[in-house]
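Enquirer:
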Amino acid sequence: MNLHDALQEKITGAVTEYTGGLGIPDFSVEVPENTEHGDYAANAALMLSKLLGRPPMEIANDLAQKLADERWEVSAAPPGFLNFIFTDKMLVSALEEILTAGEAWGASNVGAGKSVIVEYFQLNIAKRPHIGHLRSAVIGDALKRIFQSQGYTAISDTHVGDWGTQFGILLWAFKTLVKEEDRHIYEEYPFENLEKLYEIANLRILQTPELREYGKEEFAKLERGDRENRKIWEWMVDVSMKKLKESAERLGLLPFDEHKGESSYEKDMSLIVEDALKKDAATRKEDGAVVVDLTKEKLDEAVLIKSDGASTYVLRDLATIQYRKKEWKFWKNIYVVDVRQSHHFKQLFRVAELLGYEGVGDSEHVEFGFMSLPSGAMSTRKGTVIALDALLDEAERRAYDVIREKNPELKDAADVAKQVGLGAIKYFDLSRNRKSDVIFEWEKALSFEGNTGPYLQYTYARLKSILRKAGNVFFQPIASVQLSSIEHKLISLVLRYPTTIENALLDRSPHILAAYLYELASVVNEFYHARPVLQEKNEQMRALRIILVTVTANTLRNGLDLLGIATPEEM
RNA sequence: GUCCCCCUAGCUCAACGGAUAGAGCGUGUGGCUUCGGACCACAAGGUUGUAGGUUCAAAUCCUGCGGGGGACGCCA
2 MNLHDALQEK ITGAVTEYTG GLGIPDFSVE VPENTEHGDY AANAALMLSK
52 LLGRPPMEIA NDLAQKLADE RWEVSAAPPG FLNFIFTDKM LVSALEEILT
102 AGEAWGASNV GAGKSVIVEY FQLNIAKRPH IGHLRSAVIG DALKRIFQSQ
152 GYTAISDTHV GDWGTQFGIL LWAFKTLVKE EDRHIYEEYP FENLEKLYEI
202 ANLRILQTPE LREYGKEEFA KLERGDRENR KIWEWMVDVS MKKLKESAER
252 LGLLPFDEHK GESSYEKDMS LIVEDALKKD AATRKEDGAV VVDLTKEKLD
302 EAVLIKSDGA STYVLRDLAT IQYRKKEWKF WKNIYVVDVR QSHHFKQLFR
352 VAELLGYEGV GDSEHVEFGF MSLPSGAMST RKGTVIALDA LLDEAERRAY
402 DVIREKNPEL KDAADVAKQV GLGAIKYFDL SRNRKSDVIF EWEKALSFEG
452 NTGPYLQYTY ARLKSILRKA GNVFFQPIAS VQLSSIEHKL ISLVLRYPTT
502 IENALLDRSP HILAAYLYEL ASVVNEFYHA RPVLQEKNEQ MRALRIILVT
552 VTANTLRNGL DLLGIATPEE M
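Counting the first sequence from 1 gives a position; the numbering used here is that position plus 1.
Have a look at this one:
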């Protein structure tokens, strides 16, 4: 059990005894911002004041006596906080536990038997991944890793966008605008050309909106199984999937468990529509279309089938939920998608409930703010996107330059540059609250100084450098040394690691973990600048500091691993 | 028209209803004859858009107003 929970339990016990069954108010156990207030603080006495009709300080003093424990010193502070300071003895013995845990430090089994689907990095066929796909990829990947570390069965799915009117438009443009003898150019450079073609097609539709009907017709034909359309479409899917795998690998994402595109659900769709019309009173036909009326719940109408007979993405997502429930019996089904689709997901989840495909709250939209450029929104149709490959190339190049300048002796400079460049990019997205919008700026995304991925990686490399020189040190009980305040602070911080993971998981917010790791790196940097490790004369103190460095390095490595950020030993 | 989100230091962002609102960048000053300076220390910088309300306690919850963004189009 972690210390946060131990305190919570201890206080609950003391309060129960104190009030004699009057009930326990919702109190919190938190880390105070000001470290002088202790390692943890609880507001239980403040919450009890009204219930008992007595001044909070009085209650706090009483509770403080009941909460005495060899693991901490407890005191009451105005206006009625209970402050806990861990004893040196407890902190030092906790170090031994963490040291023993090693790789498993922070892992748990609380999620055993529960499976979670995480959908992210949803790419579209015939388009290259661009920087707008990055947030979904790194947040989703981090969530998968965090879930796995807590014993959940996490299943990742890209849910490829390979179905819909946009492919009709592309098919129409390809068939009417590209001559037979020019098609080999498309074979050689599919993305550049298809993106250009899509851009041109949309431009034409903008000028002559009726042309859109041709696109819709081509998609309807594809959906009916037209051979020529099918063949062209399959070729596009094929080249796109190769690209997807290449990009996922380059980003260092965990392998995907499912690569099911929207098209894989086409067979189930008509059954779902029949089912909906039969079971659900809110579903009705309207000019050949099928819609679910959610206006009473202020969710407007969800369209399942368009009047031309083609499916919508609500229907495709519905089929996906049905499949996933059947196949994986998921406990949670999580979509890492930007906030602009929140209305869609509200509709989708509601319809899935109405049809009995899942329970309330089984599916979640883990939304994030969308990314734009200083010049405005990115758009493939307008040709204003920054390709993912371009970003990664630039990141690696800049990281390589810095390595050449700062550490010319480094052996695997090119490999390390990849890890550092990628670390900067991932951390840029993972360190901020996922809900806030992001304006992409090269200089900020590729910064290597301050609160950045490379700073964390650098801190880890420095700690490893100290440990390489230290040789083997074995844990020994250290009774006679007194911890300095920075050492106390560092150990206490390391001990908070499991609680931090728990919070990041509960809130589906990797940035909680990122913020913690940054704080850990700052504190350990402060520590080894202020307290020499290898030069320390006192044998016991030296051993203690080496262990502290070991444990902090492990925590950094484990935590960065959960964020999908590599930890080179030297950089 | 209906609904959702955002507004915190010059800039980019943190802050689970709690104590003196914190970081990074930028600016200024200082720090390796001791473990790699992608580092560390110190300083300046704030009426948390605004007006009310709830609470022992509000950046955080509620309401109005102002400003910005997004969704609701048979696009995905």
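No residue lacks a Cβ here, since even glycine has one placed at the ideal position from N, Cα and C.
Computed from a predicted model, the values in this text were never measured in an experiment.
In chain order, what are the residue ranges of uninterrupted beta strand (DSSP E) at least 3 long that sit wholly in the stretch 69-129?
Expert: Those beta strand (DSSP E) runs which fall completely within the stretch 69-129 and span 3+ residues are 73-78, 82-87 and 116-120.
Enquirer: As an exercise, report each continuous beta strand (DSSP E) stretch of at least 3 residues that is fully enclosed by the stretch 368-397, in chain order.
Expert: List check, beta strand (DSSP E) in window: 372-374.
Enquirer: Looking at E120 and H160, is the spacing between their C-beta atoms short of 8 Å?
Expert: By 1-based counting over the first sequence, the position of residue 160 is 159. By 1-based counting over the first sequence, the position of residue 120 is 119. Yes.
Enquirer: Check for me: the alpha helix (DSSP H) holding E287 runs from which residue to which?
Expert: In the first sequence, counting from the first residue as 1, residue 287 sits at position 286. Note, E287: premise wrong, no alpha helix (DSSP H); beta strand (DSSP E) at T284 to E287.
Enquirer: Just tell me which of L204, E10 and E503 has its CA closest to the CA of S29.
Expert: Taking the first residue of the first sequence as position 1, residue 29 is located at position 28. It is E10 whose Cα lies nearest to the Cα of S29.
Enquirer: If we call anything under 8 Å between Cβ atoms a contact, is E97 one with T88?
Expert: Start at 1 with the first residue of the first sequence, and residue 97 comes out as number 96. Start at 1 with the first residue of the first sequence, and residue 88 comes out as number 87. No, they are not a contact pair.
Enquirer: Between which two residues does the alpha helix (DSSP H) carrying T17 extend?
Expert: Position 16 of the first sequence holds residue 17. Here the alpha helix (DSSP H) through T17 covers L4 to T20.
Enquirer: For N35, report the span of its alpha helix (DSSP H) as first-last.
Expert: What you label residue 35 is simply residue 34 of the first sequence in a count that begins at 1. Unbroken run through N35: none, as it is neither H nor E.
Enquirer: Give every residue of the same chain whose Cβ lies closer than 7 Å to the Cβ of A505, excluding the five residues on either side of it in the sequence, and list them in chain order.
Expert: In the first sequence, the residue the question calls residue 505 occupies position 504. Taken in chain order, the residues that qualify are I147, P511, I513 and L514.
Enquirer: Quick one: grab the DSSP three-state call for N434.
Expert: Sequence index remark: in the first sequence, residue 434 carries index 433 (1-based). N434 falls in the coil class under three-state DSSP.
Enquirer: Go ahead and label K427 buried or exposed: buried means 16 or more other beta carbons lie within 10 angstroms of its beta carbon, across all protein chains shown.
Expert: Translated into the one-based positions of the first sequence, residue 427 becomes position 426. Buried.
Enquirer: My parser needs the beta strand (DSSP E) runs of 3 or more residues fully inside the stretch 316-344; what are they?
Expert: Fully enclosed beta strand (DSSP E) runs of 3 or longer: 333-339.
Enquirer: Would you mind reading off the limits of the alpha helix (DSSP H) that contains S241?
Expert: Along the first sequence, one-based indexing puts residue 241 at 240. Counting along the chain, the alpha helix (DSSP H) containing S241 begins and ends at R228 to R251.
Enquirer: Out of H344, L295, M58 and R435, state which residue places its alpha-carbon closest to the alpha-carbon of N44.
Expert: Looking up residue 44 in the first sequence gives position 43. Here the closest residue by C-alpha is M58.
Enquirer: Compare the beta carbon distance of G141 and I170 with 8 Å and say whether it is the shorter of the two.
Expert: Sequence index remark: in the first sequence, residue 141 carries index 140 (1-based). Sequence index remark: in the first sequence, residue 170 carries index 169 (1-based). Not in contact: G141 and I170 (Cβ atoms no closer than 8 Å).
Enquirer: Pull up the DSSP beta-bridge partners for S312, would you.
Expert: What you label residue 312 is simply residue 311 of the first sequence in a count that begins at 1. Beta-bridge pairing links S312 to I306.
Enquirer: Cα separation between A105 and D227?
Expert: Here residue 105 corresponds to residue number 104 of the first sequence, with the count starting at 1. Here residue 227 corresponds to residue number 226 of the first sequence, with the count starting at 1. Approximately 54 Å between the Cα atoms of the pair.
Enquirer: Less than 8 Å separating the beta-carbons of V32 and R341?
Expert: Taking the first sequence and counting its residues from 1, the one referred to as residue 32 is at position 31. Taking the first sequence and counting its residues from 1, the one referred to as residue 341 is at position 340. Contact: no.
Enquirer: Could you give the C-beta distance for T568 and L561, rounded to a whole number, given that I count them as a contact under 8 Å?
Expert: Taking the first sequence and counting its residues from 1, one reaches residue 568 at position 567. Taking the first sequence and counting its residues from 1, one reaches residue 561 at position 560. Between L561 and T568 the Cβ distance is about 5 Å, and since that is below 8 Å, they are a contact.
Enquirer: Do the CB positions of R251 and L393 come within less than 8 Å of each other?
Expert: Position 250 of the first sequence, counted from the first residue, corresponds to residue 251. Position 392 of the first sequence, counted from the first residue, corresponds to residue 393. Their beta carbons are under 8 Å apart, which means R251 touches L393 by this criterion.
Enquirer: Taking 7 Å as the line, does the beta carbon of L457 fall inside it for any heavy atom of the ligand PLP?
Expert: As for the ligand PLP, it is missing from this structure, which has no ligand bound.
Enquirer: On the three-pair Cβ rule with 8 Å, is the stretch 521-530 touching the stretch 128-138?
Expert: Touching, no, given that fewer than three Cβ pairs across the two stretches are closer than 8 Å.
Enquirer: Suppose you measure from the CA of E263 to the CA of T321; what does that come to, to the nearest Å?
Expert: The residue labelled residue 263 in the question sits at position 262 within the first sequence. The residue labelled residue 321 in the question sits at position 320 within the first sequence. Cα to Cα, the separation comes out at about 8 Å.
Enquirer: Where does the unbroken alpha helix (DSSP H) through T553 begin, and where does it stop?
Expert: Counting from 1 along the first sequence, the entry for residue 553 is found at position 552. Segment E540 to L563, the alpha helix (DSSP H) holding T553.
Enquirer: Label P499 either buried or exposed according to how many other C-beta atoms from any shown protein chain fall within 10 Å of its C-beta, with 16 as the threshold for buried.
Expert: The residue given as residue 499 occupies position 498 in the first sequence. When all chains shown are included, P499 counts as buried.
Enquirer: Quick check: what's the CA-CA separation for S150 versus R558?
Expert: For the purposes of this step, residue 150 is taken as the residue at position 149 of the first sequence. For the purposes of this step, residue 558 is taken as the residue at position 557 of the first sequence. Distance between the alpha carbons of S150 and R558: 14 Å.
Enquirer: Determine the direct distance from the alpha carbon of H134 to that of A415, and round the result to whole angstroms.
Expert: As a working note, residue 415 is residue 414 in the first sequence. As a working note, residue 134 is residue 133 in the first sequence. For A415 and H134, the distance between alpha carbons rounds to 25 Å.
Enquirer: Helix, strand or coil for G262, going by three-state DSSP, please let me know.
Expert: Residue 262 sits at position 261 when you count from the first residue of the first sequence. In the structure shown, G262 sits in a strand (DSSP, three-state: E or B).
Enquirer: Using 8 Å as the Cβ pair cut-off and three pairs as the minimum, do the stretch 110-124 and the stretch 323-338 touch?
Expert: As far as the Cβ criterion goes, the stretch 110-124 touches the stretch 323-338, which means the pair count is three or higher.
Enquirer: Kindly identify the DSSP beta-bridge partner or partners of T460.
Expert: Within the first sequence, residue 460 is the residue found at index 459, counting from 1. For T460, which the question treats as bridged, DSSP gives no partner whatsoever.
Enquirer: Below 7 Å CB to CB, which residues in the same chain sit around D163 once its five sequence neighbours on both sides are set aside?
Expert: Along the first sequence, one-based indexing puts residue 163 at 162. Correct list, in chain order: I126, V238, G262, E263 and S264.
Enquirer: If you compare alpha carbons, which of T313, V291, L300 and A138 is closest to K246?
Expert: Taking the first sequence and counting its residues from 1, one reaches residue 246 at position 245. Taking only the C-alpha atoms, the option nearest K246 is A138.
Enquirer: What span of residues does the alpha helix (DSSP H) with D276 cover, start to end?
Expert: For this step, residue 276 is matched to residue 275 along the first sequence. Where D276 is concerned, the enclosing alpha helix (DSSP H) stretches over E267 to K280.
Enquirer: At what residues does the alpha helix (DSSP H) containing I170 begin and finish?
Expert: Against the first sequence, residue 170 aligns to sequence position 169. Per DSSP, I170 belongs to the alpha helix (DSSP H) from T166 to L178.
Enquirer: Taking I12 as the reference, which of W234, E302, A46 and N3 has the closest Cα?
Expert: As a first step, residue 12 must be located in the first sequence, where it is residue number 11. The candidate whose alpha carbon is nearest that of I12 is A46.
Enquirer: Considering only their Cβ atoms, is the gap separating G565 from G357 smaller than 8 Å?
Expert: Mapped onto the first sequence, residue 357 falls at position 356. Mapped onto the first sequence, residue 565 falls at position 564. Result no, Cβ atoms of G357 and G565 do not sit closer than 8 Å.
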